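Position 43 (the sequence shown) corresponds to 42 in numbering that gives the first Met the number 0; numbering is contiguous.
Beta carbons: idealized from backbone N, C-alpha and C, even for Gly.
The structure displayed is predicted, hence computed values, not measured ones.
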Amino acid sequence: MMTDTLNTPGGNYVPVIIHEGLAYVSGQLPRRGETLLYTGKVGAEVDLASAQEAAAFCADLCLDAVSQAVGGDDKIVQVLKVVGYIASAPGFIQQSQVMNGASDRLVERLGVRGQHARTSVGVAELPRGAPIELEMVVAVRQSSPLKIALTEAL
């Protein structure tokens, strides 16, 4: 699933940096433009199913950023590492289940190329009150030896 548009970075950074065949994707919140689609802490204002949907949406945003930088999903060789930060209510301990939403989406979209190593981290707060932020590292096939995806951010 391609999202409608890529989000503009919220600061002085770029969505993706590609170096020597690795795409480093900046953290993505579940938002369209400036509108956050989910808000609150998981285990309080956000239930597990909604958090999984938010994680899947963030995974799509990450892949869309990489895909745009390299010229399509077919240039994605392998998702290597995914890190999810989950804004968690006190006592919430299902961070890994939240991240299953992202992991399932990656495999749904890319098949075995979407399988990855993963870390799930519970945190007290995230930017803008988001329930999840997702970042990833992706191996990509490039047409040139070095490409830095800066043009969209400038």
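| Item | Value |
| --- | --- |
| At least three beta-carbon pairs within less than 8 Å, the segment 33–51 to the segment 129–142 | yes |
| Ser87 versus Arg117, Lys74, Val97, residue with shortest Cα-Cα distance | Val97 |
| Simplified DSSP assignment, three categories, for Leu145 | Because the pLDDT of Leu145 is 45, which lies under 50, any placement of that residue in the model is unreliable, and the number read from its coordinates should be weighed accordingly. Of the three classes helix, strand and coil, the one that applies to Leu145 here is coil, per DSSP. |
| Ile75 burial status per 10 Å Cβ neighbour count (16 or more: buried) | buried |
| Ala48 versus Ser95: straight-line alpha-carbon distance, rounded | 13 Å |
| Paired residues, beta bridge with Asn18 - DSSP | Going by the sequence as given, residue 18 is His instead of Asn. Leu21, per the DSSP bridge assignment. |
| Buried or exposed (CB count within 10 angstroms, at least 16 for buried), Glu174 | Outside the displayed range of the chain (0 to 153) lies residue 174, so it cannot be described from this structure. |
| Completely contained beta strand (DSSP E) runs for the segment 49–132, where each covers 3 or more residues | 75–86, 116–122 |
| 6 Å Cβ shell around Gln27 - same chain, five flanking residues per side excluded | Cys57, Leu60, Cys61, Leu133 |
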